[in-house]
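Numbered according to this note's numbering, the sequence shown terminates at residue 164, and the numbering increases by one at each position without gaps. C-beta atoms are modelled at their ideal positions from N, C-alpha and C, and glycine is treated no differently. Accompanying notes for the structure given below.
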Amino acid sequence: MTIEIRPATPSDAPQILAFITELADFERARHEVIASVADIERSLFSEGATAHGLICLRDGLPIGFAVFFFSYSTWLGSNCLYLEDLYITPEQRGGGAGKTLLRHLAKIACANDCGRFEWSVLDWNKPAIEFYKSLGAQPQEEWVRYRMDGVVLRDFAAGN
C-alpha cells in the first residue's frame, strides 16, 4: 500500500471540510465547526493565503490531511512551522500515514529554514501524545495557551 502526500488543491476543499468535521467529532467539539467549503477555499487557496494544506492518500484515496502555517520566533530569529491540524481516518491509523505526513511537514520546515516545528494536542488524547513522544517530540508544559475569539475578540478590538 502506497502512501502519498501532496499539496491540497481547491477541489480538495469538500474533503478537507469532511476531515475537519471528523476531527472535531473525535475532539468532542463538532458544535464549534462553522467553516464551510467556501471558507476552506478562501482561506487555503486564495491569493495571499497564509495557511497551507496537504492531503494524505493511500493507494490514491484520501485518508487524511494537514493544515499548517509559518510563524516566527523572536528568540530564534527565524520562521517556524506551526501544524494547526493533522488527521488520519481511524481505520487508516497505525499504518505509517501519520508519521509520513509529519515527516513531510518536517521536510517543509527544514526547506524553509524553520527553527521549530510545533503543534498542540489535547491533554486527554493519550494515543496522540504517545505517538508524538515516540517520534522525539517534547511537550512544552511550561507554556499556557490563551485565546480570544468571537464576541470577546471583537469587543476587545473595539476598545470595549
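Taking buried to mean at least 16 other C-beta atoms within 10 Å of its own C-beta, is residue i buried or exposed?
i, result
"Cys118", "buried"
"Ala7", "Before going on, a small fix: residue 7 reads as Ile here, not Ala. Buried is the call here."
"Ile38", "exposed"
"Leu126", "exposed"
"Ala162", "exposed"
"Leu21", "buried"
"Ala42", "exposed"
Below 6 angstroms CB to CB, which residues in the same chain sit around residue i once its five sequence neighbours on both sides are set aside?
i, result
"Cys60", "Ile9, Ile67, Gly68, Ala101 and Leu105"
"Asp16", "Ile59"
"Ser75", "Cys84 and Tyr86"
Once the 5 residues before and after residue i are set aside, which same chain residues still bring their CB inside 7 angstroms of it?
i, result
"Leu109", "Ala70, Phe72, Leu85, Leu87 and Phe121"
"Phe135", "Gly102"
"Ser47", "Ala53 and Ala55"
Does the distance from the CB of residue i to the CB of residue j come in under 8 angstroms?
i, j, result
"Lys103", "Leu139", "yes"
"Pro18", "Phe49", "no"
"Asp89", "Ile24", "yes"
"Met5", "Arg97", "no"
"Arg149", "Ser124", "yes"
Going by beta carbon distance, what residues of the same chain come within less than 8 angstroms of residue i, once the five residues before and after it are set aside?
i, result
"Ile92", "Cys60, Ile67, Gly68, Ala101, Gly102 and Leu105"
"Val156", "none"
I'd like to know if the stretch 70-84 and the stretch 45-59 are in contact, where contact means that at least 3 CB-CB pairs between them fall below 8 angstroms.
yes
Counting only runs of 3+ residues fully inside the stretch 63-97, write out the beta strand (DSSP E) ranges in chain order.
65-77 and 82-92
Fully enclosed by the stretch 112-139, which beta strand (DSSP E) runs are 3 residues long or longer?
121-123
Could you give the uninterrupted runs of the alpha helix (DSSP H) lying entirely in the stretch 36-67, keeping only those of 4 residues or more?
Correct list: 41-49.
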